[in-house]
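Visitor: Right, I'll just put the structure down here and ask away after.
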Amino acid sequence: MSLADLTPESVHQAIAEFDRLGRNSFLSTYGFGKARGYLLIHNGHAYDSKAIAGVAHQYLPGQDALSPDAFSGGANATAGRLRELGFDVRGPNEQRVRAPTFEPGGIYNRVRDIHDIYGGQRQGGISTPKAAPLIFLFTGETGDQYGYQDGPRNDGIFAYTGEGQVGDMEFVRGNRAVRDHIKGGRDLLLFQALSSPGNYRFLGYFACDGVEYAMAPDKTGALRRVIIFLLRPSLSGEEPEIEQAAGRFRRLSLEELRRQAIEDAVDRPERSEGRRSYVERSASVRAYVLKRADGICESCEKPAPFRRSNGDPYLEPHHTRRLADGGPDHPRWVGAVCPTCHREIHHGESGRKRNDELKKKLADIEGDVTPVSRC
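According to my numbering, the sequence shown holds residues 7 to 381 in order.
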C-alpha cells in the first residue's frame, strides 16, 4: 500500500494523535523532522504534512507507519495526495494570507499555529507579518523585568506596554505599527502566554484607543518612559451605542462627515480615551460611509432592501481589510453594503472575490487617502 491508499479518516486519526502527543513527541516517535516546506492546516492549527501522512498510513487496515525516507513530502506526493483528500496544505511559496480562525479562549502554539502560517517575527511582544494585514501581540512572558505591566482594567481597557528594552520607548517598528494599525488596515490580535512554553491563549481582536506614558526601569535598571497602549475589544459598527452616536452626525454635510471620519481614523498617541470617545470615533466612520452610499449598496449597487425606523435606508458597514470586521477603521477600507452582500462576503463561496471588488470601488471613491498623524 502507498499514499494513494490514505483516507480522510486515517489522516484525521493521525492529526488526533499529533494533538495528543504534541508536535515534538509526535515527530520524534516516528522519526520525522520538522516541516520546512508544506504544512497541513486544520481547524486553525498547522501540522507537519509529511509526518501526518506517514503516520496516517498505520491507521489503514493491516498497515504500519511509513518511515520518512519511504516517500516524498513534495507537491506531487504528500501535499498533492492530502489535497486530493480535501485537506488544506500550504507550500513555502504560496499565499499565506487568509482569514484567521482563532477562537477567543483557544490555545495556540506561537510558532506552529501563528508564525508558520502567517509569518512575522518569532520573538518579542509585537509581531508584524509582511504578507498579512495582522499584528500579533503577545503578553505575559518576561515583561515585568523591563517595566511591562500588561493587563485588563476595570473600564474594559487592556493595558499593553510597547516594545523596547533600553531607553525611552519610541514610536518605531512594532510600536509604530500598533499606533497606526487603523489607517494601515491591520487587525490587532492579542495572545497571553501560558505556563507551557510556546503556547498562548487567544484573548481576541482589539483596537488601539490611545496611549498613556509611564516611568519604569529599563533592562539596565535606568528609569525611562514607556508607552502603554490602551486596547479595547473591536466592535462591528452595528452596536446600539454606535448607532445612537452616529445619529449626532446626521446634520453634517457629506464633505464635513468625510473630514470628521478621516480625522477620527488617526491615532492620537497623547490622548487617553474612554469608552464614549471610542464609540464616537467608530460612529463618525459609520455615519460617513452610510451617507456616502446614499441608500445604494456599494457592492451590488442595488437599493437598500428596507428603511430603518428613522427613515434611513438600511445598509451595514463592512470593513474590507479588517479581517475581524470590527473596531474603528479608515473610510478607505469601509463600505456600506446590504445584508445579503455582507453575509455573502463573509460566508459565501465568492466572498473573497466580492470583497476584492468592493476594495477597488472604494479606492476609486476615496483615492489615496493618507491621514496625517498627530504624533
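Quick reminder that beta carbons are idealized off the backbone N, C-alpha and C, glycines included.
1. Buried or exposed: which applies to E261, given that a residue is buried once 16 or more other Cβ atoms fall within 10 Å of its Cβ?
2. Of the residues K297, F312, I233, H324, which one's Cα is nearest the Cα of S305?
3. With contact counted as at least three CB pairs below 8 Å, one residue from each stretch, are the stretch 220–232 and the stretch 153–172 in contact?
4. Under the DSSP definition of a beta bridge, which residues are partnered with M221?
5. Excluding sequence positions up to five away, which residues of its chain have a Cβ less than 6 Å from the Cβ of S133?
6. Using alpha carbons as the reference points, say which of L27, R26, Q69, N49 lies closest to S16.
7. Measure from the alpha carbon of R254 to the alpha carbon of each residue in A293, L236, R238, then state which is nearest.
8. Which of helix, strand or coil does DSSP assign to A76?
9. Which residues does DSSP pair with V178 in a beta bridge?
10. What does a CB cutoff of less than 8 Å around Q354 pick up in its chain, not counting 5 residues either side in sequence?
11. Going by C-alpha to C-alpha distance, which of D224, A59, L237, H51 sits closest to H187?
12. Tell me, please, whether the stretch 51–66 touches the stretch 16–34 by the rule of three or more beta-carbon pairs shorter than 8 Å.
13. In terms of residues, what are the limits of the alpha helix (DSSP H) holding G60?
14. Tell me the residue span of the alpha helix (DSSP H) that contains Q19.
15. Is G216 helix, strand or coil by DSSP?
16. Compute the distance between the beta-carbons of P67 and G37, then report whether it is under 9 Å.
17. Beta-carbon within less than 7 Å of Y124's beta-carbon, same chain only, minus the 5 sequence neighbours each way: which residues are those?
18. Which one of F208, S356, R185, D224 has the shortest CA to CA distance from T107?
19. Can you list, in chain order, the residues of its chain with a C-beta nearer than 6 Å to that of K297? Leave out the 5 residues immediately preceding and following it.
20. With C344 and A310 assumed to form a contact (beta carbons below 8 Å), what rounded beta-carbon distance in angstroms separates them?
21. Among the candidates G146, R349, D156, whose CA atom is the shortest distance from the CA of G204?
22. Pull the bridge partners of L196 from the DSSP assignment, please.
23. Tell me the DSSP secondary structure of G341 in three-state form.
24. Would you tell me roughly how many angstroms separate the C-alpha atoms of R182 and G162, rounded to the nearest one?
25. Output yes or no for whether 9 Å exceeds the beta carbon distance between R327 and G131.
26. Quick one: what's got a C-beta closer than 7 Å to A20's C-beta in the same chain, skipping five residues either side?
Guide: Working from what's here:
1. The C-beta of E261 has fewer than 16 other C-beta atoms within 10 Å across all chains shown, which makes the residue exposed.
2. H324
3. yes
4. The partner list for M221 (beta bridge, DSSP) reads R231.
5. G126, Q127, F142
6. Q69
7. A293
8. helix
9. Paired residue(s): none; V178 is not in a bridge.
10. The amino acid occupying residue 354 in the given sequence is Gly; Gln does not appear at that position. Hits under 8 Å: R360.
11. L237
12. yes
13. Start and end: 55–62.
14. 14–27
15. strand
16. no
17. R102, P135, A138, L140
18. F208
19. L260, L263
20. 6 Å
21. G146
22. In the DSSP output, where bridge partners are listed per residue, L196 has L143, G210.
23. strand
24. 23 Å
25. Contact flag unset, no.
26. If the five residues before and after A20 are omitted, its C-beta is found closer than 7 Å to the C-beta atoms of I58, V61, A62, Y65, all from its own chain and listed in chain order.
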